[in-house]
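Chemist:
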Amino acid sequence: GQQLNQSPQSMFIQEGEDVSMNCTSSSIFNTWLWYKQDPGEGPVLLIALYKAGELTSNGRLTAQFGITRKDSFLNISASIPSDVGIYFCAGQLSSFNKFYFGSGTKLNVKP
Amino acid sequence: GAVVSQHPSWVICKSGTSVKIECRSLDFQATTMFWYRQFPKQSLMLMATSNEGSKATYEQGVEKDKFLINHASLTLSTLTVTSAHPEDSSFYICSARDIASYEQYFGPGTRLTVT
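Sequence order for the protein chains is H and L. Here the working numbering is used: the first residue of the first sequence is 1, the next is one more, and so on. Here the working numbering is used: the first residue of the second sequence is 1, the next is one more, and so on.
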């Protein structure tokens with residue numbers, strides 16, 4: 001199957017700091033999604049990206065669809081304790097196709 | 001917003017028994033639902049794509065006779081783990097694709113423990 005490389009694997013930051021994580025693939029995707037998962041719960045969609053170069057914000061979160069269509073990044077500004085969780089990227093090769101998930105980035109925020 | 005529910009949220013069963021997990025889209029219709037499995041500290045792995053009114057499509061390595069999927073209506077898909085074994089213990093998550101927007105929404109997950 002498709003491989004999505006997500007980094008970093010985990011991060012420990014201080015409250016108020018900005019954080020960045022990214023995903024890369026060997027294939028060209030037409031859709032990138034970013035999800036957050038809290039312990040024992042299902043993933044919740046944060047941001048969806050549909051066009052190369054697209055930059056989309058959702059509150060303190062900003063994500064971009066890479067120009068090459070093989071990568072995407074997620075930024076979180078001014079982190080707060082409730083940002084703690086695991087963030088997953090997901091990519092889709094074409095419409096109506098299945099999504100492939102990255103391995104996740106575990107974010108820890110120290111108050 | 002779009003809501004997907006799963007029932008039960010957690011279940012413990014004995015080895016050799018079967019367990020059924022339901023996935024419902026509460027306020028939208030979904031011709032396609034997806035079933036994922038997530039082991040501790042790992043990512044989501046797609047098991048199968050459930051299509052309303054037709055047979056499910058299974059990913060390579062997933063036994064279709066062990067993981068029975070039924071998608072009988074536009075709001076309900078079920079996953080039955082047959083003859084469960086301890087190695088089937090996992091977090092099972094479904095998602096449903098909204099027929100109108102094509103957005104995919106996840107359920108809260110079902111934690112299965114097989115003793």
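We put the beta carbon where it would ideally sit given N, CA and C, even for glycine.
(1) Have a look at the DSSP bridge pairing and note the partners of GLU22/L.
(2) Using a cut-off of 8 Å between C-beta atoms, extract the partners of PRO43/H located in chain L.
(3) By a C-beta neighbour count over all protein chains shown, 10 Å radius and 16 as the cutoff for buried, is LEU55/H buried or exposed?
(4) Excluding sequence positions up to five away, which residues of its chain have a Cβ less than 6 Å from the Cβ of LEU74/H?
(5) Within 10 Å of its beta-carbon, does SER10/H have 16 or more other beta-carbons around it, so buried, or fewer, so exposed?
(6) Going by alpha carbons, who is nearest to TYR50/H out of GLY66/H, LEU107/H and PHE12/H?
(7) Identify which residue in TYR58/L, SER9/L and ILE69/L has its Cα closest to the Cα of GLU52/L.
(8) Residues of chain L with a CB under 7 Å from the CB of GLY104/H: which are they?
(9) Pop quiz: ALA30/L and ARG111/L are said to be a contact at Cβ under 8 Å. What is the actual Cβ separation, rounded to whole angstroms?
(10) Could you give the C-beta distance for THR80/L and VAL4/L, rounded to a whole number, given that I count them as a contact under 8 Å?
(11) So the beta strand (DSSP E) GLY85/H belongs to, where does it begin and stop?
(12) In chain H, which residues lie with their C-beta within 7 Å of the C-beta of PHE39/L?
(13) Whose C-alpha, out of ASN30/H, LEU45/H and THR31/H, is nearest the C-alpha of GLN37/H?
(14) Is DSSP giving SER82/H helix, strand or coil here?
(15) Excluding the five sequence neighbours on either side, which residues of its own chain have a C-beta within less than 7 Å of the C-beta of VAL62/L, listed in chain order?
(16) Can you pull the chain H neighbours of PHE28/L, defined as C-beta to C-beta under 8 Å?
(17) For VAL109/H, report the span of its beta strand (DSSP E) as first-last.
(18) Start and end of the beta strand (DSSP E) containing ASP18/H?
(19) Any beta-carbon of chain L closer than 9 Å to the one on ALA48/H?
(20) Using beta carbons (cut-off 9 Å, strictly below), is TYR87/H in contact with chain L?
(21) DSSP on ASP71/H, reduced to helix/strand/coil?
Modeler: Here's the rundown:
(1) Position 22 of the second sequence, counting from 1, holds the residue named residue 22/L. HIS7/L and THR78/L, per the DSSP bridge assignment.
(2) Position 43 of the first sequence, counting from 1, holds the residue named residue 43/H. The answer, in chain order, is LEU44, ILE93 and PHE106.
(3) Residue numbering aside, residue 55/H sits at position 55 when the first sequence is read from its first letter. The residue in question, LEU55/H, is exposed, as its Cβ has fewer than 16 Cβ neighbours within 10 Å.
(4) Mapped onto the first sequence, residue 74/H falls at position 74. Closer than 6 Å at Cβ, skipping near neighbours: MET21, TRP34 and ALA63.
(5) Within the first sequence, the letter at position 10 stands for residue 10/H. Of the other Cβ atoms in all chains shown, fewer than 16 fall within 10 Å of the Cβ of SER10/H; this residue is therefore exposed.
(6) Counting from one through the first sequence, the residue named residue 50/H turns up at place 50. Considering only alpha carbons, the answer is GLY66/H.
(7) Residue 52/L sits at position 52 when you count from the first residue of the second sequence. Ranking the options by Cα distance to GLU52/L, first place goes to ILE69/L.
(8) Counting from 1 along the first sequence, the entry for residue 104/H is found at position 104. Those are SER43, listed as they occur along chain L.
(9) If you number the second sequence from 1, residue 30/L lands on position 30. If you number the second sequence from 1, residue 111/L lands on position 111. Actually they are not in contact, since the Cβ atoms of ALA30/L and ARG111/L sit about 23 Å apart, beyond 8 Å.
(10) Counting from one through the second sequence, the residue named residue 80/L turns up at place 80. Counting from one through the second sequence, the residue named residue 4/L turns up at place 4. Wrong, their Cβ atoms sit about 18 Å apart, outside the cutoff.
(11) Walking along the first sequence from the start, residue 85/H turns up at place 85. Start and end: 85–92.
(12) Taking the second sequence and counting its residues from 1, the one referred to as residue 39/L is at position 39. Within 7 Å Cβ-Cβ: nothing; PHE39/L doesn't reach chain H, min ~12 Å.
(13) Walking along the first sequence from the start, residue 37/H turns up at place 37. Looking at the Cα atoms, LEU45/H is the closest of the given residues.
(14) Taking the first sequence and counting its residues from 1, the one referred to as residue 82/H is at position 82. DSSP places SER82/H in helix when its eight states are reduced to three.
(15) Start at 1 with the first residue of the second sequence, and residue 62/L comes out as number 62. These residues qualify, in order along the chain: MET47 and ALA48.
(16) For this step, residue 28/L is matched to residue 28 along the second sequence. Going along chain H, no residue has its Cβ under 8 Å from PHE28/L, so there is no contact; the nearest lies around 14 Å.
(17) In the first sequence, residue 109/H corresponds to position 109, counting from 1. It spans 105–110 - the beta strand (DSSP E) in which VAL109/H sits, taken as one unbroken run.
(18) Residue numbering aside, residue 18/H sits at position 18 when the first sequence is read from its first letter. It is not in any beta strand (DSSP E) - ASP18/H carries neither H nor E in the DSSP assignment.
(19) Taking the first residue of the first sequence as position 1, residue 48/H is located at position 48. For ALA48/H, the answer is yes, since a Cβ of chain L falls inside 9 Å of its Cβ.
(20) Residue numbering aside, residue 87/H sits at position 87 when the first sequence is read from its first letter. Judged by the 9 Å Cβ criterion, TYR87/H is not in contact with chain L.
(21) Taking the first residue of the first sequence as 1, we reach residue 71/H at position 71. Of the three classes helix, strand and coil, the one that applies to ASP71/H here is strand, per DSSP.
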